[in-house]
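> The following block contains the structure, expressed as structure tokens.
Chains as they are written, first to last, in my numbering: chain V, 562 to 1029; chain G, 562 to 1029.
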């Protein structure tokens, strides 16, 4: 019976597959040129004159590659002076890509640090970031980390929720210091849950009043972080206006004028989006390709900053108030499309209803692919006619280790290289040493290669073990 | 409009909540005693005379704790001689809990090593496991790792799929060695996809013939791994009989008599199960508690081994054949319930529709909670009346970092300790250093504490970085 049901389902699936695959199919438009990659007829894709194939040869596979030019360009686009506005101040979300060599480039460009843990605070200081260039956020701030942050006198601690007010104040009192704080609010736009104090029921107002009343906290800012991925102006405006409404309320009801409006991050990488559950289901069951994001229609860094600054300025002008400082905390949009993950095919497997491609990288190093679209190319012959539909699975021996259920490509074999684009957001922090040590990270800068982080060795994985 | 819809949904949710929470509610029956924990009126839960609270004090929080007595007991239950049968041979699935101090205890008890990567093969050798006590499985075996495995002459390499036959044979020829191999099959029971060669369409038979024909591979075994969690005898019999049917076919069609039947792992930890999507949804939306597994009805280690051995023996007796060697590769069922994760509450957050509990451990160290039920207790006062329903979220600043949407407990505050049970399966390998360094691992053995792995320090997280 179980067998019959499974055969019937399989039959239905295979019969419907071609139809579902082709129904309203949007053709793929993203090419490697979008990421500045060029083509070499012998070696395949090339970054700044360096063949990706050569990178793998030299540094081993899998390999995480940082494009320094793209990284600097993104930082400059965020920081570019914009006419009469002084522009916004930019703090990079450390958790998104906590690679010291990457962070150093961003800091050199003038980007500050947004940290969410004691470790990240330590790392920012280790990289020489001045206290006034550090913001401390997050729902789980230990007392020890608060002591350090307040002792340093960092730019601002954003209190995540009302209950944190007393803790931050206690630590400040204990140290005999005053501390500049903001309060994270949730306006109904974007994430709520553990994040922020809601504005709609008066809780946020009360939290601001409480923080002010501690006598040791200088309440200088408001913090809001939409979460998810902002691809369009409408979503941005929804988030920004919610904050501006609350800031007016704060002024009219508490007489509090804030110096800092912090709008968090969440701007999307144009070539990445969250897959919809339906698209993933169709990809899994019917091998319909995941649709690409409409990258050209996605809100650019420039439009994001301009819209944000204009909206704030107009509101402040209308109210006859001087412009506040505007902070943003980009993560994905800063580093996402500046990195890529290279891998090699270990094996293929041909089954009756699917072809499997098994590279040496799985969810252990590319966890975001479980829910996000990331463009993937064969390093050689990516432009050849796609004759195969591959289910791309990693090596860690779990059905959860599936990067994509259906990916169209030329026929590939053992040793062929793949490149997964936009690996600069959440690939590194979600990496594990699950059965396979972690890859090296190399930066390519003006055609030269710099090892940022060496590959993990077998010994490293057990280096903290006392019983071996 | 967006606002109106969200308010209406919220209202519906809150109105329905009490009704959904109580509909056919099963009361919780699992207590800490099940794991051998005792109660101290002052310090709360105690393991082998050591208060969990004291462990946290001494070793820091979060803390991963191994109960050596439980570990040895599980190993002995698997290995216990059973009447006339010599019993089965047991190889522990390294990937499930690759902690050298844990593996060493298992090896001392007589358990072998089941590895799925070059790193794990290296680790088994590092721990002194003899080659004949090592099995190498998995879909992604690099040539380098095959060279090492064949060079060592390990017990058996289980070829994952037909395409691997040629690669393993090539490496054997290159080294001038013969190698004992098994072939992994998929019989329709359990996982298929990248795992195994299917039996139903003749592919598995052809793969066996091909392996035999290489001339350098001794085809000694068959490998099948159900996947998921086996909680009942029916599922086990379904899997075992599928393999036995194929073994008969192999003999009748190819005249091949196998020495080894390897049934893989997948026996459940009785107190853990995969949450159903409906239960998770009800937990998230209506704060209905996740139902506990029916632990007492779950297949025990003894019943699993006895059923398996009896089924094989009966079939072989019926066919007048001598009993083969029977291998099993337990993972979860060996270590799952021998470990626990301790954490401390950093903060709480009271919102209009939910109370949040924010411990210092999230999905960074307890990833399995995203899909599995794990019993959790307050270390002190776990038996007090549950007055609160908490959404338990980790500190890593992502809505994905939710351990459980609704968990009933006494009222807790900053500093209170929690214990998450059954942390011995997949907690360690799925751990990341996402914003927070990884915890120490301590083993408690006859009331003494042994540090197996020290906590990760801030410096460790960037120890492989060249640009700092």
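All C-beta atoms in this analysis are idealised placements derived from N, C-alpha and C, irrespective of residue type, glycine included. As the structure is a prediction and not an experimental result, all values here were calculated from the model.
Let's test the definition: count the other Cβ atoms within 10 Å of the Cβ of residue 717 of chain G and tell me whether it reaches 16, buried, or not, exposed.
As a first step, residue 717 of chain G must be located in the second chain, where it is residue number 156. Buried, by the Cβ-count rule.
> For residue 754 of chain G and chain V, any beta-carbon pair shorter than 7 Å?
By one-based count along the second chain, residue 754 of chain G stands at place 193. Cβ-Cβ to chain V under 7 Å: yes for residue 754 of chain G.
> From the DSSP output, in three-state form, read off residue 605 of chain G for me.
Within the second chain, residue 605 of chain G is the residue found at index 44, counting from 1. Note: residue 605 of chain G maps to strand in three-state DSSP.
> Given a cut-off of 7 Å, decide if residue 724 of chain V and residue 908 of chain G are closer than it, judged by their beta-carbon atoms.
Residue mapping note: residue 908 of chain G aligns to position 347 of the second chain, counting from 1. Residue mapping note: residue 724 of chain V aligns to position 163 of the first chain, counting from 1. Going by C-beta atoms, residue 908 of chain G is nearer than 7 Å to residue 724 of chain V.
> CA-CA distance, residue 1074 of chain G and residue 625 of chain G?
The shown model of chain G, from 562 to 1029, leaves out residue 1074 of chain G, and the question about it has no answer.
> What are the start and end residues of the beta strand (DSSP E) that includes residue 968 of chain V?
Taking the first residue of the first chain as position 1, residue 968 of chain V is located at position 407. Unbroken beta strand (DSSP E) run through residue 968 of chain V: 963-970.
> Can you tell me the Cβ-Cβ gap for residue 621 of chain V and residue 960 of chain G, rounded? I've got them flagged as a contact below 8 Å.
What you label residue 621 of chain V is simply residue 60 of the first chain in a count that begins at 1. What you label residue 960 of chain G is simply residue 399 of the second chain in a count that begins at 1. With 8 Å as the limit, residue 621 of chain V and residue 960 of chain G do not qualify as a contact, their Cβ atoms being about 35 Å apart.
> Output needed for residue 965 of chain V: all residues of its chain with C-beta closer than 6 Å, excluding positions within five of it in sequence on either side, in chain order.
As a working mapping, residue 965 of chain V is identified with position 404 in the first chain. The residues are 953.
> Rounded to whole angstroms, what is the Cα-Cα separation between residue 728 of chain V and residue 656 of chain V?
Counted from its first residue, the first chain places residue 728 of chain V at position 167. Counted from its first residue, the first chain places residue 656 of chain V at position 95. So the two alpha carbons sit approximately 23 Å from each other.
> Once the 5 residues before and after residue 781 of chain V are set aside, which same chain residues still bring their CB inside 8 Å of it?
Mapped onto the first chain, residue 781 of chain V falls at position 220. Once the five neighbours on either side are set aside, the close Cβ partners of residue 781 of chain V are 717, 741, 742, 743, 819, 820, 821.
> Run the CB neighbour count on residue 690 of chain V, radius 10 Å, all protein chains shown included, and call it buried at 16 or more, exposed below.
Looking up residue 690 of chain V in the first chain gives position 129. When all chains shown are included, residue 690 of chain V counts as buried.
> At a Cβ cut of 7 Å, what residues of the region 621-655 of chain G count as close to chain V, listed as they run along the chain?
none
> Starting from the beta carbon of residue 719 of chain G, find every residue of chain V whose beta carbon is closer than 9 Å, and list them in chain order.
As a working mapping, residue 719 of chain G is identified with position 158 in the second chain. Simply none; closest approach about 11 Å.
> Look up residue 692 of chain G in the DSSP assignment and say whether it is helix, strand or coil.
In the second chain, the residue the question calls residue 692 of chain G occupies position 131. Here residue 692 of chain G sits in helix by DSSP.
> Taking only the alpha-carbon atoms, compute the straight-line gap between residue 697 of chain G and residue 686 of chain G and give it to the nearest angstrom.
Along the second chain, one-based indexing puts residue 697 of chain G at 136. Along the second chain, one-based indexing puts residue 686 of chain G at 125. Roughly 12 Å separates the two Cα atoms.
> Does the CB of residue 683 of chain V have a neighbour CB from chain G at under 7 Å?
In the first chain, the residue the question calls residue 683 of chain V occupies position 122. Closer than 7 Å: yes.
> Hey, quick one: how far does the alpha helix (DSSP H) through residue 877 of chain V stretch, first residue to last?
As a working note, residue 877 of chain V is residue 316 in the first chain. 862-879 is the extent of the alpha helix (DSSP H) around residue 877 of chain V.
> Based on Cα-Cα distance, which residue from G:631, G:593, G:660, G:981 lies nearest to residue 1013 of chain G?
For this step, residue 1013 of chain G is matched to residue 452 along the second chain. The candidate whose alpha carbon is nearest that of residue 1013 of chain G is G:660.
> How many whole angstroms separate the CB atoms of residue 755 of chain G and residue 995 of chain V, which I take to be in contact at a CB cut-off of 8 Å?
To locate residue 755 of chain G, count along the second chain from 1; it is residue 194. To locate residue 995 of chain V, count along the first chain from 1; it is residue 434. The distance from the Cβ of residue 755 of chain G to that of residue 995 of chain V is about 16 Å, inconsistent with a contact at the 8 Å cut-off.
> Which same chain residues, not among the five before or five after residue 784 of chain G, have their C-beta less than 6 Å away from its C-beta?
Within the second chain, numbered from 1, the residue matching residue 784 of chain G stands at position 223. So the list reads 719, 743, 745, 823, once near-sequence residues are dropped.
> Anyone know if the C-beta pair for residue 606 of chain G and residue 613 of chain G falls short of 7 Å?
Mapped onto the second chain, residue 606 of chain G falls at position 45. Mapped onto the second chain, residue 613 of chain G falls at position 52. Yes, the pair counts as a contact, with Cβ atoms nearer than the cut-off.
> Starting from the C-beta of residue 722 of chain G, find all residues in its chain whose C-beta is less than 6 Å away, skip the five residues before and the five after it, and write them out in chain order.
Stepping through the second chain from its first residue, residue 722 of chain G is reached at position 161. So the list reads 758, once near-sequence residues are dropped.
> Sorted by chain position, which residues of the same chain lie with C-beta nearer than 7 Å to residue 939 of chain V's C-beta, five sequence neighbours on each side aside?
As a position in the first chain, residue 939 of chain V is number 378, starting the count at 1. So the list reads 970, 971, 973, 977, 979, once near-sequence residues are dropped.
> Taking a Cβ distance cut-off of 8 Å, strictly less, list which residues of the region 891-915 of chain G are near chain V, in chain order.
Correct list: 907, 908, 909, 910, 911, 912, 913, 915.
> Measuring alpha carbon to alpha carbon, tell me which residue in V:634, V:663, V:1007 is nearest residue 1026 of chain G.
For the purposes of this step, residue 1026 of chain G is identified with residue 465 of the second chain, where counting begins at 1. Check the Cα spacing between residue 1026 of chain G and each of V:634, V:663, V:1007: the tightest is with V:663.
> Is it a yes or a no for the region 876-890 of chain G touching the region 912-932 of chain G, going by three-plus beta-carbon pairs under 8 Å?
no
> Starting from residue 725 of chain V, find everything on chain G with Cβ-Cβ shorter than 9 Å and list it in chain order.
Mapped onto the first chain, residue 725 of chain V falls at position 164. Simply 908, 910.
> Do residue 1020 of chain G and residue 998 of chain G have their C-beta atoms closer together than 7 Å?
Here residue 1020 of chain G refers to the residue found at position 459 when the second chain is read from its first residue. Here residue 998 of chain G refers to the residue found at position 437 when the second chain is read from its first residue. No, the Cβ-Cβ distance between residue 1020 of chain G and residue 998 of chain G is not below 7 Å.
> So, for residue 891 of chain G: in the same chain, excluding its five sequence neighbours on each side, which residues have a beta-carbon less than 7 Å away from its beta-carbon?
Within the second chain, residue 891 of chain G is the residue found at index 330, counting from 1. If we look at residue 891 of chain G and ignore the five residues flanking it on each side, its Cβ neighbours are 639, 651, 653, 654, 826, 828.
> Determine the burial state of residue 900 of chain V: buried for a count of at least 16 other Cβ atoms within 10 Å of its Cβ, exposed for fewer.
Translated into the one-based positions of the first chain, residue 900 of chain V becomes position 339. By the 10 Å Cβ count, residue 900 of chain V comes out buried.
> DSSP on residue 1019 of chain G, reduced to helix/strand/coil?
Within the second chain, numbered from 1, the residue matching residue 1019 of chain G stands at position 458. Residue 1019 of chain G: helix per DSSP, three-state reduction.
> Is the Cβ of residue 763 of chain V closer than 7 Å to any Cβ of chain G?
As a working mapping, residue 763 of chain V is identified with position 202 in the first chain. Among the residues facing chain G, residue 763 of chain V is not included, as its CB has no counterpart in that chain under 7 Å away.
> Identify the continuous alpha helix (DSSP H) that holds residue 668 of chain G and give its terminal residues.
Looking up residue 668 of chain G in the second chain gives position 107. Run containing residue 668 of chain G: 661-670, per the alpha helix (DSSP H) assignment.
> Over what stretch of residues does the beta strand (DSSP E) that includes residue 884 of chain G continue unbroken?
Here residue 884 of chain G refers to the residue found at position 323 when the second chain is read from its first residue. Looking at the DSSP string, residue 884 of chain G is not in any beta strand (DSSP E), and its letter there is neither H nor E.
> Step through the CB atoms of chain G and report whether any lies within less than 7 Å of the CB of residue 1027 of chain V.
Numbered from 1 along the first chain, position 466 holds the residue referred to as residue 1027 of chain V. For residue 1027 of chain V, the answer is yes, since a Cβ of chain G falls inside 7 Å of its Cβ.
> Should residue 883 of chain G be counted as a contact of the ligand SAH given a C-beta to heavy atom distance under 6 Å?
This structure simply doesn't include the ligand SAH, nor any ligand for that matter.
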